[in-house]
Structure formats: C-alpha cells, structure tokens
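Colleague:
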Amino acid sequence: MAKTTRGKFRLETFWVPAVTGEAPVYSLALTNDGDQPIADFTLCVSGPARIDPAASVEGGQLLVRLSNHAEFAPPEDFALQPGETWTLKAHGMSYHPKHWTDGANAGYIVLADRTAVPVTVAPTRAKGDNAALTRGSVVYPVPKVAPVTVSIVPWPEAVAVSGAIAPPSGLDLRPEDAEAEAAAGAFTALVQALFPVEGLVRPVAEGGFPVSVSLRSGFAAEGHMIQFSATGVTIAAGTRSGLLYGLITLGQILRGARLYPETFVFPADGEIVDAPALGWRGVHLDVARQFYGTAEVAQFLRILAWNKLNRFHWHLSDDEAWRVEIDAYPALTDIGAWRGHGLKIPPLLGSGPQVTGGYYTKAAIRAIVALAVDLGIEVVPEIDVPGHCYAMLQAIPELRDPEEAGSYYSVQGFPDNCLNPVREETYLVLETIFDELIELFPSKIIHIGADEVPLGAWSGSPMALARLRAVGGEAMADAHAARLNVITNTHGADEIDGSGAAVLQAEFLARIQAFLASRGCITGGWQEAAHGNVIDKTKSTLFGWRTVEASAALAGEGYDMVVCPGQVYYLDMANSQAWSEPGASWAGWSDPEKLYNFDPVKGWSDAQKRHLLGVQCCIWSEPMTDRGVFDRLVFPRLSALAETGWTQPERKSFARFEALAGLMPILYGIYAEV
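Structure representation (structure tokens):
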C-alpha cells in the first residue's frame, strides 16, 4: 500500500441542479495550496453522491468508479501549479445530491510515485443555496409552563398524580426479591452511565428517597405501576423489564423536577399505571457503512433503554464492510472490515486514504449482548444475504462461480455483489457463519436481509443460468442472461418479483430458512424475502420498509410484520428538503413532528393488525461520517418513534412531546445553535 503523507490540497465541490434546457452538473475544484507543482496524479473522492460510469467529464477523465468511490485523471501533460485550481465537471450522476452531506466528503490525490496525499474537503454547496449548513441535534427548550406536570417519555397509559414534594437528592432503591435486585442494579448502572454526576441513585444517608421495588402478579410483560406518597415510592411489575421501566419512569420524573423545578414536580400522591402499546419497539443501526465502536454501541443501547425501546437490530454486514468476528473465516474481518487506498475495499463514504474501519470481536459482542439483556433489549443480528455482499466476496472470492462472465450492478453501484444461490459452497460457508452467530446471540431471530438483489444478479453465471433453465425454462434463462451488464438505478423492492433473479433468490431463502429453523431460529428479512412466497410464514418475521400499504398487504398474506417505512422511519432521511440539512431524501423526509404523528397502521384491517409485531426506526449510516450529523438525524426522532411504539394512539400529543423532548439524552452531546 502507498505511503500516506500530509499535503496542502483543497477540494471544493458544487452541485448545479437541472434547470429548463440544461442538465445538472457536478463540479469538483482541486486547489494546490502548496509550493510545488504536481503532475501525473489522480484525484480520488467518495460520496455518497455517485457519478455514473457513463458520465461525460469535462477537464479530465473518470478512471475508476466503484459505488461512491471515483478516481479522476487530469488531461495529458497537465500540471497543477501552486495557487492554481483544476476543475472537473461531471455530467451524469447515478445519485443526485439533494443535501450538503450527499456530495464528496473525503478525498485524496495519488502522486506519480504512488504516494497518497490527503485532501481537505469542504462540504458540497448547491447553486443558489447559501443557507448555513446544519449539524448537531436540534435543541428543544423546556418551557416554563408545560402541558403536563411530570416529565415522562414515552407517555404512560394512565397518570393520576397530585401534589408535590421537594425533589429528592436521589433514589434509595430497596428491592424485595431477586428480579427486583437485578432491575435495581441495571437501573443504577444505567443512570451512572447516562448521567454520571447527577447522583440519581444514592443511599438514604445521602438524601436518597425510599423506593420499594418488587414483583407482583397481574401485570402485562412490560407493564408496571408506580405509587407515590410523601414518605416513599413503590414500584411493582410482573417481570424484571417491567420493574426496570418503572424505575426509568421514576428517574425521568426526578430529573425533570430537579433540573426544571419551575415546570415539573415530584408527586406527593397518586399512581402511574403503564404498559406498552406494541411489543416490538425497535431501532436498527447500520455499522457497515460507518463503524461505531463498542463503547458507542453500549451507550446507544442505554439511550434506547431510557426511551423504553426493546429491540436492537444490528446490521453487521453490507457491501462496504463485514463487522463480526468469525473464527472459521478470519479473512472476513482481515479484509472485509477495513477500507483504504490500495486495499481490496477502497475508501468509501467519507473514509480517506488511511486504513479505517473495525469489527466486533466475539468478546465485545458478548459484552454488548449482556448489557442489552440487563436493559431489557433483545439484540437481533443481521447478516445481509444474498445481496449486499461485496465485502464478503472480496474476503472469500472463491464463493463466485469460476466461470461467471460480465457484471451486474446493484442500485448502490457495486458490481457482482450477490452470493451465488446455486453453488454448494455458498451454503457450507453461510451455515458455518450462522452457527457461530447463533452461539453469540440469544435472540431467536436471525435477520438475513434479502433486500435489493439486482435484477441482473447471476446473469453471467453458467451455473445459475443452468438452474433457471431447469426450473423456469429456456425463455426465463435467456431473458435473465440478457440482463448482463445492466445497471440497477432504483431502490425498488418489487422490480425483481417474478424475474429469474427472484426465482433463484427464493430457492436460496427457502434453504437458509430451513437451516435456521433446524437451529430453532426465526428468519428475519426485509420485505423482499417474500418474493416467490416460499418461506415459512410461521417461522419468519418481515420488515416492511417501502410503504404502510405494502406492509399491510404482506400482513394480509399471513406474514408477521415490523413496520419501518423509509419515507418516515429511516432516520438517515433529512429533517426537511432544504439543502442545508444533512442526510438523504431518496425515500422522503420527516421532521420530528411528521414522524411523531405518522400512523404506521393507517388503513389496516383487524385481520392485518393481528400480524403487526410493532414499529422500528432504521439508522442507515451513509451520511453520518460526522457524529454531529448523527445527532442531528437521530434525535429527537428516536424518541418520537419510541412514543409511537409505547403510547396508545389516543394518548399521544406532539405539544406535550415537544415540551419534554429536551430532557432526553443524545449520543454525542452535539447540539445545533439556536
């Protein structure tokens, strides 16, 4: 790999949207701020914006395009002198920028001696849009007069409290049984990690207010009751998670009363009776596009628990990276976990020439899972197959059909990124991987992705075409072969239905599900797993990311559904359509109010609702190189989703939520200016 040194080069990028009579233009301007000219070099940039392989380029030549990684060469005999700027204009984008995080967010140049030199990259600007670019979570000020007197998110089923006492210095927890002891220990560790200097739990000698905690019968699985008096609080529930949620509610009330005594009170009398509206209240985190260390994931789980969210969907693999240690195949992490100049996976999505990335050791995963169990959270691992496997295939290239010719492309611009469903080696490798995965995760749900398989997948594989001839006839095989070298340009979930790719994927999914079922597992999948209607509905859970109507239709067919429509519940989508907002908007956009008020089961019949498991927001991390962007996109929308999952629809109120959201923790603590 080339040596990396520091240089003095600056890259500015500009987006000129299409106007009447003129095509859109993406321009890149590289300035040499050093004191030496450079010649015979290449400029390397990464997106998320994707330049089309067939784009015409003024001022240079597009040499390489892999998804959002592009390499450009200047004209022959060109030298970039000190103080001068070289400008490229690309006509043709596979993904049009709509927000400032869509453009190039990392770059470097490769000199004639193969030295890689980092380039300072400015945020992409759009023509005619000079608004200040935003990052950091929006501040939701706590008003002096709120619609309620106690601070609780998500809002409970029934609140009947009165009076007020001086907010105690802390809570003196007094568990009365083993499960209560475990819940009290989990709560103590939780508040010490989230609010380390607030002292929410302390002994009576330090002013702790007595809190009795005990199991009782007659409660729903996560239900609980809190009773207040002037001399102490009693919390009762039927399970450890119910007790923990009761303690979290009490902790939220205490924080509000202590931090904002003019707005909120600590009740002197009354009770709160609570239970969730939905059983599945989930959050998905993509750690393949951007890597989040073990400490980040652990703190994120604590924030989920504080919001009473109970599922963590861990997206551990994708085209850009493989993130879980597998003993049988060390190349998966040796190769698939790292990006950088000269590596098999080049810099993507904001990573520069230096080696970047990471993976979770088995010890780290066990620690995360143990923490999640303490917090009442089930961790659902995802290994995305058969598509989205570019990194996996870079690590284990022998999984390809050795006679495969030509290429097909995914919507994200990755070539030949699908595991071959006809080769026996595919199943030997996956069964080994899943066996190791099952040992790590107590969850009975193993998510296998199954999304966005390109229409032309395996169109150049003689083995795959022979199988299609056997099951679909010559016409289907010939039609599929004709899709070789066709580029997929949409995020469609349904375009492949009935195609040769869908037929092959269906056989693949049926076999993988049978294997997982033999291990006692439920197969999770994105809604495309329903293609061909071959998977066992009694042993599967589907995640509907397209529309509420699409999820309703699948529920009507008998699939158990988690609703997570991209237009509203994908938290990588921007808060508005403004260029100055970070994020994406290919699926839509949603600010906190829009997400809060969204009805995930609008139009569903009673029969369809019987297959509703719950709701989930999804954090796809393509635009989140900047942790301030993470906070901007995730908070407080995560809490808005939590209230949709927990609070009965008739009890919801955005005015109340808006008054309370400012008390909820965020991951990185980066706030936008107001």
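Note that our numbering gives residue 247 to position 247 of the sequence shown, counting from 1, and the numbers run on in steps of one.
Cβ coordinates follow ideal geometry from the N, Cα and C atoms, glycine included.
Note that the coordinates shown come from a computational prediction; the quantities given were computed from them, not determined experimentally.
So, does the segment 89-104 touch the segment 14-30, judging by three or more C-beta pairs under 8 Å?
Modeller: yes
Colleague: Helix, strand or coil for Ala29 per DSSP?
Modeller: strand
Colleague: Give the single residue among Thr294, Ile248, Leu430 whose Cα lies nearest to the Cα of Ala363.
Modeller: Thr294
Colleague: What distance in whole Å lies between the Cβ atoms of His341 and Arg108, which are believed to be in contact at a cut-off of 8 Å?
Modeller: It should be noted that the sequence gives Tyr, not Arg, for residue 108. Between His341 and Tyr108 the Cβ distance is about 7 Å, and since that is below 8 Å, they are a contact.
Colleague: Using the beta-carbon count (16 or more within 10 Å), is Asp172 buried or exposed?
Modeller: buried
Colleague: Closest to Gly83 by CA distance: which of Ala672, Trp526, Glu222, Asp33 is it?
Modeller: For Gly83, the closest alpha carbon among the candidates Ala672, Trp526, Glu222, Asp33 is that of Asp33.
Colleague: Which residues in the same chain have their Cβ closer than 6 Å to the Cβ of Ala510, if we skip the five residues on either side of it in sequence?
Modeller: Its chain contains Val534 as the residues whose beta carbon lies nearer than 6 Å to that of Ala510, once the 5 sequence neighbours on both sides are disregarded; these appear in chain order.
Colleague: DSSP on Ser67, reduced to helix/strand/coil?
Modeller: coil
Colleague: Hey, how far is the Cα of Val119 from the Cα of Gly603?
Modeller: 51 Å
Colleague: Buried or exposed, going by whether 16 or more other CB atoms sit within 10 Å of the CB of Gln577?
Modeller: exposed
Colleague: Might you give, ordered along the chain, the residues of its own chain that have their beta carbon closer than 7 Å to the beta carbon of Asp631, omitting 5 neighbours on each side?
Modeller: Gly136, Ser137, Ile666, Leu667, Tyr668, Ile670, listed in sequence order.
Colleague: Would you mind sorting Lys144 into buried or exposed? The rule is 16 or more other CB atoms within 10 Å of its CB.
Modeller: exposed
Colleague: If Ala180 sits next to Leu278, beta carbons under 8 Å apart, how far is it from one beta carbon to the other, in whole angstroms?
Modeller: Contact doesn't hold; Cβ gap of about 25 Å is too wide.
Colleague: Less than 6 Å between the CB of Ala659 and some heavy atom of the ligand FMN, yes or no?
Modeller: In the structure shown, the ligand FMN is absent, as is every other ligand, since no ligand is present at all.
Colleague: How big is the Cα-Cα spacing for Arg423 and Met624?
Modeller: 36 Å
Colleague: Residues in the same chain with beta-carbon distance under 6 Å from Val159, minus the five sequence neighbours each way, listed in chain order, please.
Modeller: Ile272
Colleague: Is it the case that the Cβ atoms of Val615 and Val548 are separated by a distance below 7 Å?
Modeller: no
Colleague: I need the DSSP call for His531, collapsed to helix, strand or coil.
Modeller: In the structure shown, His531 adopts helical secondary structure according to DSSP, grouped into three states.
Colleague: What are the residues that DSSP puts in a beta bridge with Ser499?
Modeller: According to DSSP, which records beta bridges pairwise, Ser499 is partnered with nothing at all.
Colleague: Does Arg311 come within less than 7 Å of chain B when only Cβ atoms are used?
Modeller: Absent from the structure is chain B; it holds one protein chain and no more.
Colleague: What do you reckon, are the CB atoms on Thr249 and Ile152 nearer than 7 Å?
Modeller: Yes, they are a contact pair.
Colleague: I believe Leu348 touches Ser46 by the beta-carbon criterion, under 8 Å. Please report the beta-carbon distance rounded to the nearest angstrom.
Modeller: Indeed they touch by this definition, with Cβ atoms about 5 Å apart.
Colleague: Hey, out of Glu320, Pro386, Ala146, whose CA is closest to Thr356's CA?
Modeller: Glu320
Colleague: Take Ile335 and list the residues in its own chain whose beta-carbon comes closer than 7 Å to its own, dropping the five residues that flank it on each side.
Modeller: Lys344, Gln394, Ala395.
Colleague: If you draw a straight line from the C-alpha of Phe414 to the C-alpha of Glu658, how long is it?
Modeller: 41 Å
Colleague: Quick one: residues in its chain with C-beta nearer than 6 Å to the C-beta of Val19, no 5 flanking neighbours on either side, listed in chain order?
Modeller: So the list is empty, once near-sequence residues are dropped.
Colleague: DSSP three-state label for Lys89, please.
Modeller: strand
Colleague: Nearest to Lys537 by CA position, among Asp435, Asp560, Gly449, is which residue?
Modeller: Asp560
Colleague: Taking Thr333 as part of the alpha helix (DSSP H), name the residues at either end of that continuous run.
Modeller: 331-334
Colleague: In the DSSP assignment, the alpha helix (DSSP H) including Gln192 goes from what residue to what residue?
Modeller: 178-194
Colleague: Return helix, strand or coil for Asp286, following the three-state DSSP convention.
Modeller: strand
Colleague: So who's on the other strand from Gln227, going by DSSP bridges?
Modeller: Residue pairing by DSSP places Gln227 opposite Thr234, Glu271 in a beta bridge.
Colleague: Taking the CB atoms as reference points, tell me whether Arg125 and Phe14 lie closer together than 7 Å.
Modeller: yes
Colleague: Which residue's Cα is closest to the Cα of Glu222: Trp620, Gly588, Val211, Leu247?
Modeller: Leu247
Colleague: Measure the C-alpha to C-alpha separation of Gly524 and Asp384 and round it to an integer number of angstroms.
Modeller: 10 Å
Colleague: Would DSSP call Pro276 helix, strand or coil?
Modeller: Looking at Pro276 - three-state DSSP - the assignment turns out to be coil, as it is neither helix nor strand.
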